[in-house]
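Each residue of the first sequence is one higher than the last, beginning at 35 in the numbering used here.
Glycine included, each C-beta is placed from N, C-alpha and C at the ideal position.
One structure is given here, and the rest of the page talks about it.
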Amino acid sequence: MLQVTASSLPSKSNLYPFQIYKNPTEPAQLLALSLKTATFNHPLISSRLISLYTHSKSTTLDHLRSVFDQFQQPTLFSWNTLIKSYVQNQRSQESLFLFLDFITRSGLMPDVFTLPCVIKACGRLMAVKEGGQIHGLVFKLGFGSDLFVQGSLVGMYSKFKDIGSARKVFDQMTERDLVTWNSLMDGYVKDGEIELAMELFDEMTERDVVSWTVMVDGLSKCGRVDDARKVFDEMPRRNFASWNAMINGYMRVGDFISARGLFDLMEDKDIITWNSMIAGYEHNGRCSEALKLFTELLNLGYVPTHSTLVSTLSAISWSALLSKGRRVHSYMVKNDHKLDGVLGTSLIEMYCKCGSIETALKVFESIPNKKLGHWTTIIAGLGTHGQATLALDLFLEMLKMNVIPNAITFIGVLTACNHAGLVEDGRRYFNMMIKDYQIEPTVEHYGCLVDILCRAGHLEEAKNVIESMPLKPNKVIWMSLLSASRIYKKVEIGEYAAQNVTEIDPNFIESYVLLSNMYAATGNWDKVSRVRDAMRKTGVKKDPGCSLIEYRDEVHEFIAGDKSHPWTREIYHKLSEIRERLKSVGYVPDKSQVLLHIEGDDEKETELESHSERLAIAFGLISLKPGIPIRIVKNLRVCNDCHSVTKHLSKIYDREIIVRDSSRFHHFKHGSCSCMDYW
DNA sequence: CTAGGGTTAG
């Protein structure tokens, strides 16, 4: 039995009872031992303990904190260690709170180890005010000539993009090391002064890897990716950050081929390399590549970070791969990823965009401290799914909880009003945004307002709003007006809107389609063929309709008229069955909107029947078990006929059919659609 | 006996 007591401590040989403990590998064992032997609050022992905790891989920061909280008189060393740990673990805010604690109640003064940590924390948090106060403290305590303290101030001001202050500190330093030079260079880069950064780079007598990387990063951030590559090639040595900076440079200009080339050349990669590739692919619309890399990194044993998951979820959202999304979600649950920040928002958005609004709601409800982003995402999601009442209820609940909405929240709110045809509410919230929250409406807000008015048939008023708004109306706004003109058969306004769209984007196919549909709806066949001629002349072609459906973990893609699917025979067989069942309930196909130049009625009917979503629905009916909703993602707007047919099918086959089109969700159930026939 | 500031993704 060990016999170490507090009274025996002053003797140096007894200071380290741990050394006689066999295999002192577990800090927790040592902690227990020191508690038992009443040596726990000896300053040297507590310091050593906390240091052991920081070096132990198994411990978490929260555990470290609980140990720290038991010390009666933490040493300066213990304070410093804990503050540093918070900064290193990206919990800078808590480190500043702890620092405040330290200043007010420790009775100690910060030293040259404390200050760089908290200065770094201020930089990370963009805490300009606090940073200035700490700078004042540095001055008062006389650390004006400490290399580390001053160097970290240069770094902090660089992060604030306050290059003037950074330069001032830099100029006052009596000696400067490489790190300080690098910080200042990065400050110039962040300030957009690439030339000045390069001058500094040339002035430097000593350059290690970081200096070069800052230049690669700086050049690629201002679009000079070729110059960045030159620097990259000239570098005497490179580390992960250098490669990653170059990869991101290529990704930024959309050159994912070159980015991939570098990625494949790398023998070793770090998780940021993978994150850069996944985020890059995702930004460039190459979602399937992004997802492939995610699977690959897991197989290779890399541990995804929050950013990995955010980018991956985003790629899943765009491709609407619900089953993949569910798998990532379960990975997150198993690995205890917290949903309190952006990650929670991404998860909610993924479920919304993949058509599972119920799960999105469940995730939302499970988040304990809901932030503005969570509220905004679920409100917008419910809006696009046609659940306006719930969306607006949640908005009011959010206000009750004193969460302040921003411009994006109001887009969601207005979208919800729009989908439910709530004209008065829409106007009211638009004004509330301006008056109560001092938010300047953007084009998007006006777009929502115009859409709300259009949907309710107030086309003249919508036109007035467009003409009197202080911003230049964009394509989307004119498209809402055009779309409404088609539904309300207001040819004159429709032509006016179409003309404006064409002025903004002469090659925008959707406007021709809508215009032609409007003419068709009003029996104006001459003009239908004139639009067709115009399309032929400008050379714009209608994107082929394309629908996706997931089955057994694979995406099945159907293009209009597609006969390449292995189940084609069964699918067309199902389609003829569908035709019969539709006939038996008295359904007459709506051939008015067939855009292709087809003469015969039967041919027109065949054209409609081979629309991509029909193929996908037929495949869904064959392959998916009864009771499972059929989820389809479509690239274009749903045509009138498909919309009516799908409503019938949801009743005839007693199936929920969820279709995501280019701007909203249609939930078909018991013969009706959540969009209330306006889209 | 132990400790600090600079680059890359989101």
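- Look at Arg99 here: in three-state DSSP terms it is helix.
- Straight-line measurement puts the Cα of Asp596 at about 40 Å from the Cα of His340.
- The way I'd put it, the segment 522-530 does touch the segment 555-570; three or more beta-carbon pairs between them come closer than 8 Å.
- In the three-state scheme derived from DSSP, where H, G and I count as helix and E and B as strand, Lys509 is classed as helix.
- With a threshold of 16 other beta carbon atoms within 10 Å, Glu584 meets it and is buried.
- Burial is judged here by how many other beta carbons sit within 10 angstroms of a residue's own beta carbon; Met219 has at least 16 and is buried.
- Secondary structure at Cys151: helix, using DSSP grouped into helix, strand and coil.
- Distances from the CA of Met311 to each of Glu301, Asn333, Leu334 and Arg286 were compared; the closest alpha carbon is that of Arg286.
- Distance from the CA atom of Leu95 to the CA atom of Met232, rounded to whole angstroms, is 40 Å.
- Assigned with DSSP and collapsed to three states, Cys256 falls in coil, not helix or strand.
- Closest by C-alpha distance to Lys638, out of Val457, Ser357, Leu649 and Lys625, is Lys625.
- With 16 or more other Cβ atoms from the protein chains shown falling within 10 Å of its own Cβ, Tyr463 counts as buried.
- The DSSP assignment places complete alpha helix (DSSP H) segments of no fewer than 4 residues inside the segment 403-452 at 406-418 and 422-434, in order along the chain.
- Cβ-Cβ separation between Leu175 and Met207: approximately 17 Å, too far for a contact (criterion under 8 Å).
- The continuous alpha helix (DSSP H) containing Leu377 extends over residues Val376 to Lys387.
- Cβ neighbours of Ser112 within its own chain (closer than 7 Å, five residues either side excluded): Ser80, Ser81, Ile84, Phe102 and Phe105.
- With fewer than 16 other Cβ atoms from the protein chains shown falling within 10 Å of its own Cβ, Lys434 counts as exposed.
- Nearest to Gly375 by C-alpha distance, out of Gly359, Val397 and Gly389, is Val397.
- Minimum Cα-Cα distance from Arg258 among the listed residues Asn282, Gly198 and Pro270 corresponds to Asn282.
- Close CB contacts of Ala262 within its chain, under the 6 Å cut and outside five residues either way in sequence, are with Val250, Leu253, Ser254 and Gly283 (chain order).
- Where Phe235 is concerned, there is no enclosing beta strand (DSSP E), although the alpha helix (DSSP H) around it starts and stops at Ile228 to Glu237.
- When secondary structure is reduced to three states using DSSP, His590 falls in the strand class.
- Cβ atoms of Lys681 and Gly579 stay farther apart than 8 Å, at about 18 Å.
- In summary, Tyr120 is buried, with 16 or more beta-carbon neighbours lying within 10 Å of its beta-carbon over all protein chains present.
- The beta carbon of Leu355 lies closer than 8 Å to those of Leu325, Cys388, Glu584 and Val589 in the same chain, with the five residues before and after it left out.
- If you keep only unbroken alpha helix (DSSP H) runs of at least 4 residues inside the segment 525-607, you get 525-538, 543-555 and 559-572.
- For the pair of segments examined, the segment 683-701 was found not to touch the segment 562-574: the number of CB pairs separated by less than 8 Å stays below three.
- Taken atom to atom, the span from the alpha-carbon of Phe131 to that of Val337 is near 30 Å.
- The beta carbon of Thr418 sits closer than 6 Å to the beta carbons of Arg698 and Phe699 from its chain, once the five residues preceding and following it are set aside; these are given in chain order.
- For Arg648, the enclosing alpha helix (DSSP H) starts and ends at Ser646 to Ser657.
- Uninterrupted alpha helix (DSSP H) stretches at least 4 residues long and entirely within the segment 450-517 occur at 457-471, 477-489 and 493-502, given in chain order.
- Residue burial is scored here from C-beta neighbours: Thr239 has fewer than 16 other C-beta atoms within 10 angstroms and is therefore classed as exposed.
- Distance check between Leu426 and each of Glu399, Leu456, Leu406 and Pro402 places Leu456 closest, using alpha-carbon atoms only.
- DSSP, read as helix, strand or coil, puts His701 in strand.
- Rounded to the nearest whole angstrom, the CA to CA distance from Ala650 to Lys608 is 11 Å.
- Bounds of any alpha helix (DSSP H) do not take in Ile692; it lies within the beta strand (DSSP E) bounded by Ile691 to Arg694.
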